[in-house]
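Below is one structure, written out as structure tokens; comments come after it.
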Amino acid sequence: MTSDHSWVGRHRYDESKYLTEEYKNGVDSFLKLAIDRLKDEDEGLIRCPCKKCGNEYYKYPSDVRLDLYLHGIMHWYTRWDLHGEKDVPRFETEMSTSNVGYNDDNMYDVRDMLRDFVDANAHFENFKEETNAKAKDFYKMVDNASIPIYPYNKESTLSVVNKLTESSFLI
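Residue numbers (the UniProt record's numbering): 1 to 171.
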């Protein structure tokens, strides 16, 4: 079952500061997939992919729903492999490759690169070691890469830095 994961990278609140229907439907879709793939030994618990828990903690689906509503989902977690999903495209949004210059799609290329890095190191997931301060800062930057500079703006810090970097090469 392949579902649309594009809601993960979008705003979860509308102009009235309420959760969007798209976000709530996305959370429902995620929880349905995670619950359908539960094993007997999981005792009804699933990993919580909210920004606070970061897939580190196991919780009941109702608690995961609440966390996703309160804290939001990790924006880079678009392939739900820790919840039983396999062979799904990385980021299911319409991406244009026809433009060579800067466009919003370049932002997704950077996210894909960062996700590839994280996925390449996924086999260390069960290796518990105290994360050092630099690693925590790095993962915080990765998570913040897609957060808008201010509400209802599509520009993130990373997209602005990317534009500035590209413009400096044109001078």
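Idealized CB from N, CA, C, for every residue including glycine.
At what residues does the alpha helix (DSSP H) containing residue i begin and finish?
i, result
"E22", "21 to 36"
"H71", "61 to 71"
For residue i versus residue j, is the C-beta distance shorter than 8 Å?
i, j, result
"Y18", "P49", "no"
"H75", "D143", "yes"
"D36", "K52", "no"
"L31", "R10", "no"
May I ask you to report which of helix, strand or coil DSSP gives residue i?
i, result
"Y139", "helix"
"S6", "helix"
"S168", "helix"
"Y108", "Because the pLDDT of Y108 is 48, which lies under 50, any placement of that residue in the model is unreliable, and the number read from its coordinates should be weighed accordingly. The answer is helix: DSSP assigns Y108 an H, G or I state."
"S146", "coil"
"S16", "coil"
Since residue i and residue j should fall inside the 8 Å C-beta cutoff, what is the C-beta to C-beta distance between them, to a whole number of angstroms?
i, j, result
"T20", "D28", "T20 to D28, Cβ: 13 Å. No contact."
Stretch-stretch touch, CB-based, cutoff 8 Å, three pairs: the stretch 31 to 51 with the stretch 60 to 70
yes
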